[in-house]
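S.K.:
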Amino acid sequence: MKPAPFRYVVPASVDEAVAALGTGDDPRALAGGQSLVPMLNLRLAAPGTVVDLNRLPGLDGIEEEDEVLVVGAMARQRALERSSVAARRCPVLPECLAHVGHTVTRNRGTVGGSVAHADPAGELPLVLLALDGEVEVAGPGGRRLVRARDLFTGFLTTSLEPGEMVTACRFPATDGPGVGAGFAELAMRSGDFALASACAVVRLGEGGQVDGARVAVGAVADRPLLLPGVGHLLAGRKLDDEAVGAAVRAARESVDPVGSLQAPPAYQRHVVGVLVARALRRAGERALGTVGRQPPPVRRSAPCPVASGQTAPGSAKSPAPGEVGSAPRRVVVEVNGRRRVAAAEPRRLLSDFLRHDLGLRGTHVGCEHGVCGACTVRLNGAAVRSCLMLAVQVDGARVDTVEGLAEPDGRLHPLQEALHRHHGLQCGFCTPGILMSAAELASAGGPPPDEREIRSLLAGHLCRCTGYHAIVDALVEALGTASAGRPGGQGP
Ligand SMILES: Cc1cc2nc3c(=O)[nH]c(=O)nc-3n(C[C@H](O)[C@H](O)[C@H](O)COP(=O)(O)OP(=O)(O)OC[C@H]3O[C@@H](n4cnc5c(N)ncnc54)[C@H](O)[C@@H]3O)c2cc1C
Ligand code: FES
Ligand code: FES
Numbered sequence: 000m001k002p003a004p005f006r007y008v009v010p011a012s013v014d015e016a017v018a019a020l021g022t023g024d025d026p027r028a029l030a031g032g033q034s035l036v037p038m039l040n041l042r043l044a045a046p047g048t049v050v051d052l053n054r055l056p057g058l059d060g061i062e063e064e065d066e067v068l069v070v071g072a073m074a075r076q077r078a079l080e081r082s083s084v085a086a087r088r089c090p091v092l093p094e095c096l097a098h099v100g101h102t103v104t105r106n107r108g109t110v111g112g113s114v115a116h117a118d119p120a121g122e123l124p125l126v127l128l129a130l131d132g133e134v135e136v137a138g139p140g141g142r143r144l145v146r147a148r149d150l151f152t153g154f155l156t157t158s159l160e161p162g163e164m165v166t167a168c169r170f171p172a173t174d175g176p177g178v179g180a181g182f183a184e185l186a187m188r189s190g191d192f193a194l195a196s197a198c199a200v201v202r203l204g205e206g207g208q209v210d211g212a213r214v215a216v217g218a219v220a221d222r223p224l225l226l227p228g229v230g231h232l233l234a235g236r237k238l239d240d241e242a243v244g245a246a247v248r249a250a251r252e253s254v255d256p257v258g259s260l261q262a263p264p265a266y267q268r269h270v271v272g273v274l275v276a277r278a279l280r281r282a283g284e285r286a287l288g289t290v291g292r293q294p295p296p297v298r299r300s301a302p303c304p305v306a307s308g309q310t311a312p313g314s315a316k317s318p319a320p321g322e323v324g325s326a327p328r329r330v331v332v333e334v335n336g337r338r339r340v341a342a343a344e345p346r347r348l349l350s351d352f353l354r355h356d357l358g359l360r361g362t363h364v365g366c367e368h369g370v371c372g373a374c375t376v377r378l379n380g381a382a383v384r385s386c387l388m389l390a391v392q393v394d395g396a397r398v399d400t401v402e403g404l405a406e407p408d409g410r411l412h413p414l415q416e417a418l419h420r421h422h423g424l425q426c427g428f429c430t431p432g433i434l435m436s437a438a439e440l441a442s443a444g445g446p447p448p449d450e451r452e453i454r455s456l457l458a459g460h461l462c463r464c465t466g467y468h469a470i471v472d473a474l475v476e477a478l479g480t481a482s483a484g485r486p487g488g489q490g491p
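Numbering (numbering that gives the first Met the number 0), first residue to last: 0 to 491.
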């Protein structure tokens, strides 16, 4: 399946975006596209207008105010995960982001898109709710703030009105004296949506007793759930085993899990208790580490390499602002160092553009919803899923595909040589995508990645043939990783 035709609009300002989102033909904002484009591809959504927010200036900042981390709606998830400001002011954010999809999807997926998408298993909506955060909203009626507890109203549903868009997410900082937050989740595999998740925030008094606690759980209802009863029963108590045990029992009693194919309701209920305990203990450890300390001075955030500007990895220069409509338009792109020009309808996926319009069939297509990784290419240096981008979005950008890895004289790239030497491929269907993700890691600089990072990268790539061990060995060698300890029988 491919997206149905739509009118494509590239607003130059928030006001223009709001105007385009206010039209009557079921318009949808396009942020990172990591949820919307799969829905377009599967025709679970067929909006009349797609409003591409990727060209809007000033929406990708990660800034600190006195008590709040203000994250622009278009800040990439990867940028927040790597942000030193987030690590210092609100460490539960990088902690939860490591569970959001895969590195490649986080390169492109945005913080505002994740919150607006309101997936009940989404990590960022859960953390925003647990922290008692807010979103900044722009709409036809002006600007307003919406608290997270008023935002999530049902499955993939928010209280945003037609024409409204999220412009920033406001996460209360947790680095004050005696404050800590923790996150815990269980998923089938690294990068999968959670079977259940929990986030806890505690504030401890000088004597170590709980002055305030908020506990929220994800993936067990049609939206992330705050469990106020659990917070109340902890008030005034030390966060010891007895108190955590009481919180676990209360949490299990407070939920009525919907269950899923992988996790029947009774199992989910059990897991909720386990995760609430883990999140509370983590929050308690962090809070104890800061009891009695003064709040750190507020500093401006350094620009983040992924977040900054249109030329940053993961972003593309997008078409010039203005309405593009649904007719084919000229796309000029540098592919593997060569200028290429072709026409593409706005609904044309980048994967199809590369394969069928530019004849680069090394980019493979498997699932077309971001899961298998076969279509991974590099966009301005960052690995992205080409099945989750529109070809028109790469106008003016640099794209690298597997065809560009080898030297012009045919000598293989060290990653290709290592895969060959270690028999890291059989049918080879997954191999181009793995190579392009690994190429991003290879060019990252700094110390070689450890084997955990390599396995985490491979979790975003499905290989049906080789069982991963040979691939891990090849990447360990090619990326200069110290040792290839092999945990018997495990996948990535
Ligand atoms: C393989 C895979 C695994 C994933 N795993 C996880 C996971 O484990 N946890 C998780 O949380 N997510 C996961 N995701 C989803 C991912 O995090 C998405 O990036 C996120 O849900 C949506 O963000 P986006 O920027 O890509 O938004 P888009 O896909 O562009 O948009 C999503 C929705 O939000 C709307 N929207 C976007 N931005 C705004 C805005 N500023 N204002 C108003 N509405 C807006 C869009 O119209 C659309 O309806 C996964 C995705 C993939 C492909
Ligand atoms: S992830 Fe793009 S085709 Fe599977
Ligand atoms: S080598 Fe066949 S799918 Fe990976």
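Backbone N, C-alpha and C define an ideal beta-carbon position, used for all residues, glycine too.
Quick caveat, the model's predicted, so the values are computed rather than measured.
1) Is the closest heavy atom of ligand 1 to the C-beta of leucine 35 under 6 Å?
2) Rounding to the nearest angstrom, what Cα-Cα distance links aspartate 59 and alanine 28 in this structure?
3) Checking the sheet assignment: what are the DSSP bridge partners for glutamine 208?
4) Touching or not, the stretch 337-352 and the stretch 377-392, by the rule of three or more beta carbon pairs under 8 Å?
5) Could you tell me if the beta carbon of glycine 121 falls within a distance shorter than 6 Å of some heavy atom in ligand 3?
6) If you reduce the DSSP assignment to three classes, tell me which class serine 189 lands in.
7) For glycine 179, is the beta carbon positioned less than 6 Å from some heavy atom of ligand 2?
8) Distance check for arginine 420 and phenylalanine 151, CA to CA, integer angstroms please.
9) Can you tell me which residues form a DSSP beta bridge with serine 196?
10) Report the rounded CA-to-CA distance for cysteine 462 versus glutamate 476, giving the unit in angstroms.
11) State the DSSP-derived secondary structure class of phenylalanine 352, mapped to helix, strand or coil.
12) Once the 5 residues before and after glutamate 452 are set aside, which same chain residues still bring their CB inside 8 Å of it?
13) By Cβ distance below 7 Å, which residues in the same chain neighbour glycine 153 in space, the five residues on each side in sequence not counted?
14) By Cβ distance, which residues of its chain are closer than 6 Å to serine 307, with the 5 residues on each side in sequence left out?
15) Which of the three DSSP states is assigned to aspartate 25 in this structure?
16) Could you tell me whether any Cβ in chain C is nearer than 7 Å to the Cβ of valine 201?
17) Is there at least one non-hydrogen atom of ligand 3 closer than 6 Å to the beta-carbon of arginine 463?
18) Give the range of the beta strand (DSSP E) segment to which glutamate 333 is assigned.
19) Could you check where the alpha helix (DSSP H) with glutamate 416 kicks off and where it finishes?
20) Let me know the secondary structure DSSP gives proline 161 once reduced to three states.
21) With respect to the beta strand (DSSP E) encompassing valine 9, which residues constitute its N-terminal and C-terminal limits?
22) Roughly how many angstroms separate the alpha carbons of serine 34 and alanine 97, rounded to a whole number?
23) Kindly examine ligand 2 and report whether one of its heavy atoms sits closer than 6 Å to the Cβ of glutamate 367.
24) In terms of alpha-carbon separation, which member of Ala129, Pro263, Gly181 lies closest to alanine 147?
25) From the DSSP secondary-structure annotation, give me the bridge partner or partners of leucine 68.
26) Mind checking whether the beta-carbon of arginine 107 lies closer than 6 Å to any heavy atom of ligand 2?
27) Where does valine 340 sit, in a helix, a strand or coil, going by DSSP?
28) Where leucine 232 and glycine 211 are concerned, what is the direct C-alpha to C-alpha distance, given to the nearest angstrom?
29) Pull up the distance between the alpha-carbon of leucine 378 and that of serine 442, whole angstroms please.
30) Only counting the same chain, and skipping five residues up and downstream in sequence, which positions put a Cβ closer than 7 Å to that of leucine 92?
31) Taking 8 Å as the cut-off, does the stretch 107-116 touch the stretch 59-78 (at least 3 CB pairs, one atom from each stretch)?
32) Would you decide whether glycine 488 is buried or exposed? Buried here means 16 or more other CB atoms lie within 10 Å of its CB.
33) Give me the Cα-Cα distance between alanine 473 and leucine 418, rounded to the nearest whole angstrom.
34) Which whole-angstrom value describes the C-beta separation of glycine 190 and glycine 121, a residue pair presumed to lie in contact below a C-beta threshold of 8 Å?
M.R.: Per the coordinate set shown:
1) Checking the Cβ of leucine 35 against ligand 1 gives yes.
2) Going by the C-alpha atoms only, they are around 16 Å apart.
3) According to DSSP, residue pairing for glutamine 208 in a beta bridge involves Lys237.
4) Result yes; three or more Cβ-Cβ pairs closer than 8 Å.
5) Checking the Cβ of glycine 121 against ligand 3 gives no.
6) Here serine 189 carries a coil assignment [DSSP, helix/strand/coil].
7) No.
8) Each residue's alpha carbon lies about 51 Å from the other.
9) As DSSP reads the structure, serine 196 sits in a beta bridge with Glu184, Gly217.
10) Separation of cysteine 462 and glutamate 476 (C-alpha to C-alpha, rounded to the nearest whole angstrom) is 19 Å.
11) Secondary structure at phenylalanine 352: helix, using DSSP grouped into helix, strand and coil.
12) So the qualifying residues of the chain are Leu440.
13) So the list reads Asp221, Arg222, once near-sequence residues are dropped.
14) Residue confidence for serine 307 is low, a pLDDT of 33 falling below 50, so the modelled location carries little weight and cannot support an answer.
15) Three-state result, aspartate 25: coil.
16) The chain inventory of the structure shown lacks chain C, comprising one protein chain alone.
17) Yes, Cβ of arginine 463 sits closer than 6 Å to a heavy atom of ligand 3.
18) First-last of the beta strand (DSSP E) with glutamate 333: 328-334.
19) In the DSSP assignment, glutamate 416 falls within the alpha helix (DSSP H) that extends over 413-420.
20) Three-state DSSP puts proline 161 in coil, outside helix and strand.
21) Per DSSP, the unbroken beta strand (DSSP E) holding valine 9 starts and ends at 6-9.
22) Whole-angstrom Cα-Cα distance: 17 Å.
23) The answer is yes for glutamate 367.
24) Ranking Ala129, Pro263, Gly181 by Cα distance to alanine 147 puts Ala129 first.
25) Answer by DSSP bridge pairing, in chain order: Glu63, Phe170.
26) Answer for arginine 107: no, Cβ out of range of ligand 2.
27) Reduced to three states, the DSSP call for valine 340 is strand.
28) Looking at the backbone, the Cα of leucine 232 and that of glycine 211 are separated by about 10 Å.
29) Distance between the alpha carbons of leucine 378 and serine 442: 13 Å.
30) So the qualifying residues of the chain are Leu79, Ala85, Val126, Phe170.
31) In short, these stretches touch, since the Cβ pair count reaches three.
32) Because glycine 488 carries a pLDDT of 38, less than 50, the predicted location of this residue cannot be relied on, and no value is offered for it.
33) One C-alpha to the other measures close to 5 Å.
34) Contact annotation, glycine 190 with glycine 121: C-beta distance approximately 13 Å; criterion of less than 8 Å not satisfied.
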